[in-house]
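Right, one structure below, let's go through it.
Numbering (the UniProt record's numbering), first residue to last: 1 to 93.
So this is what it looks like as structure tokens:
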């Protein structure tokens, strides 16, 4: 069964999410931004969500985590919780 580890930053506005992605692409540290801006409790751990399998996260999140390249920041991804930046840190298919 497939497993992935990922981290994310959750914010309420798409424009804020896009701005954070731009900062990361310009060299800002993902974990530092997660600690500062993420509204998810995982922000305290730099956005780290640990290891999980398909179906354990909301469908929009799952779709990205189990298809995106490892190590590449994805988003904004809209879910019922807000807007996410996602980075798959590892995946076993």
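Virtual Cβ for every residue (Gly too), placed ideally from N, Cα, C.
- Rounded to the nearest angstrom, the gap between the Cα atoms of residue 52 and residue 8 is 14 Å.
- The residue among 43, 38, 91 and 34 with its C-alpha nearest the C-alpha of residue 68 is 91.
- Looking from the CA of residue 5, the closest CA among 71, 75, 82 and 77 belongs to 71.
- Rounded to the nearest whole angstrom, the CA to CA distance from residue 32 to residue 58 is 25 Å.
- Secondary structure at residue 87: strand, using DSSP grouped into helix, strand and coil.
- Counting C-beta atoms within 10 angstroms of its own C-beta, residue 41 has fewer than 16 neighbours from the protein chains shown and is therefore classed as exposed.
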